[in-house]
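K.L.:
Take a look at this one; I'll ask things after.
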Amino acid sequence: MAAVKALISQTFADPQGIAKAVGSFISADECLYEDDEVSVYWVRFAPHELVPPHNHRMHAFLGVYEGIEVNLLYRQAESGQLELVKRRVLNPGDTMVLGGDGIHAVHTEGAMPSLGLHIYLGRLSTVSRELFDTETGRSMPFTDENYQMLLRPLGVTAAGSGSADTMLGKPEEYRGT
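Okay, so the sequence shown: first residue is 1 according to this note's numbering, each after it adds one.
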C-alpha cells in the first residue's frame, strides 16, 4: 500500500502532465481500466453540487490535477448516523488515501470543476456500495437512481437550506497531501 501511495504522489507532482496525458471526457466519470486488482476512474465533479456521502468498500487513492476537490470525511456512529469528522481540500497535485471503510461526500471549491483520477484496489463496478442520506440517517444501495435522488446543489439540503460543511457540525480542516 505504501508503494501505491508513493507512486500516486509522484505521478500527481505534475498535474499539467496528467491533464495532457488524460485528455477530456463528456461524462462525470469514466472507467479507464478495471480488473480484479485495480480500477482506475477519471472523475469530474461539477461546481455547486454536493455528491452524497458514500463508501467504496475498498481502499481508494484520490488525486486532483485541475480545480479544487473538497472531501467531507464521515464516521458512522453506533446509532447509524453519520458524523462529519474532517474536511479535506485537494488542490492540483494533491492526493489522499481513503480506507476501505471510509465514507465521504465531495464538492468543489470555486466556479471550476474538479478533475482527477481515482484508483481503487479492486473491481469497483461489482462491489455492493452504499449511499447515505445525512438528513434521515438512512443508508441505501448505491444505484444511479438513489445517487440522483441524494445529489444536491451545494449549500442546500433536501429541506432547502444549510451548507455541506454545517449540516453535521464543524469538521476538522486539513489542506494538502
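We treat Cβ as the ideally placed atom computed from N, Cα and C, and that holds for glycine.
Determine the direct distance from the alpha carbon of Ala77 to that of Glu135, and round the result to whole angstroms.
P.N.:
Residue numbering aside, residue 135 sits at position 135 when the sequence shown is read from its first letter. Residue numbering aside, residue 77 sits at position 77 when the sequence shown is read from its first letter. Looking at the two C-alpha atoms, the distance is approximately 14 Å.
K.L.:
Mind checking whether Pro15 and Tyr65 have CB atoms under 8 Å apart?
P.N.:
As a first step, residue 15 is located in the sequence shown; it is residue number 15 there, counting from the start. As a first step, residue 65 is located in the sequence shown; it is residue number 65 there, counting from the start. In this structure, Tyr65 lies closer than 8 Å to Pro15 by Cβ.
K.L.:
Would you check if the distance between the CB atom of Pro113 and the CB atom of Pro47 is smaller than 8 Å?
P.N.:
Position 113 of the sequence shown, counted from the start, is the residue given in the question as residue 113. Position 47 of the sequence shown, counted from the start, is the residue given in the question as residue 47. A contact, by the Cβ cut-off of 8 Å.
K.L.:
In angstroms with no decimal places, state the Cα-to-Cα distance between Lys170 and Asn71.
P.N.:
Residue 170 sits at position 170 when you count from the first residue of the sequence shown. Residue 71 sits at position 71 when you count from the first residue of the sequence shown. Here Lys170 scores only 44 on pLDDT, less than 50, and its place in the model should not be relied on; the value that follows carries that caveat. Each residue's alpha carbon lies about 14 Å from the other.
K.L.:
Once DSSP output is grouped into helix, strand and coil, what is the label at Met149?
P.N.:
Here residue 149 refers to the residue found at position 149 of the sequence shown. Helix at Met149.
K.L.:
Can you give the Cα-Cα distance for Leu150 and Cys31, rounded to whole angstroms?
P.N.:
Position 150 of the sequence shown, counted from the start, is the residue given in the question as residue 150. Position 31 of the sequence shown, counted from the start, is the residue given in the question as residue 31. Their backbone Cα atoms lie some 22 Å apart in a straight line.
K.L.:
Tell me whether Val127 sits in a helix, a strand or coil according to DSSP, three-state version.
P.N.:
Numbered from 1 along the sequence shown, position 127 holds the residue referred to as residue 127. Look at Val127 here: in three-state DSSP terms it is coil, with no helix or strand label.
K.L.:
Can you list, in chain order, the residues of its chain with a C-beta nearer than 6 Å to that of Asn55? Leave out the 5 residues immediately preceding and following it.
P.N.:
Numbered from 1 along the sequence shown, position 55 holds the residue referred to as residue 55. So the qualifying residues of the chain are Ile103, Arg129, Glu130.
K.L.:
Among Glu49, Glu34, Ala21, which residue has its Cα nearest to the Cα of Ser125?
P.N.:
On the sequence shown, residue 125 is found 125 positions in, with the first residue counted as 1. Looking at the Cα atoms, Glu34 is the closest of the given residues.
K.L.:
When you compare only the Cα positions, how much space is there between Ser163 and Leu154?
P.N.:
Position 163 of the sequence shown, counted from the start, is the residue given in the question as residue 163. Position 154 of the sequence shown, counted from the start, is the residue given in the question as residue 154. Confidence in Ser163 is poor, its pLDDT being 45 and thus under 50, which makes the residue's placement unreliable; the coordinate value appears in the next sentence. Using only the alpha carbons, I get a separation of about 7 Å.
K.L.:
Does Asp144 come out as helix, strand or coil in the three-state DSSP assignment?
P.N.:
Position 144 of the sequence shown holds residue 144. In this structure, Asp144 counts as helix in the three-state DSSP scheme.
K.L.:
Can you tell me whether DSSP reads Ile26 as helix, strand or coil?
P.N.:
Stepping through the sequence shown from its first residue, residue 26 is reached at position 26. Of the three classes helix, strand and coil, the one that applies to Ile26 here is coil, per DSSP.
K.L.:
If you compare alpha carbons, which of Met96, Phe25, Glu109, Ala19 is closest to His118?
P.N.:
Against the sequence shown, residue 118 aligns to sequence position 118. The shortest Cα separation from His118 among Met96, Phe25, Glu109, Ala19 belongs to Met96.
K.L.:
Buried or exposed, going by whether 16 or more other CB atoms sit within 10 Å of the CB of Gly67?
P.N.:
The residue you call residue 67 lines up with position 67 of the sequence shown. Gly67 comes out buried.
K.L.:
Using alpha carbons as the reference points, say which of Lys5, Ser139, Thr11, Ser9 lies closest to Ser79.
P.N.:
Indexing the sequence shown from 1 puts residue 79 at position 79. Taking only the C-alpha atoms, the option nearest Ser79 is Ser139.
K.L.:
Which whole runs of the beta strand (DSSP E) in the region 53-97 are 3 residues long or more, in chain order?
P.N.:
Given a length threshold of 3 residues, each whole run of the beta strand (DSSP E) inside the region 53-97 is given here in chain order: 60-66, 69-76, 82-90.
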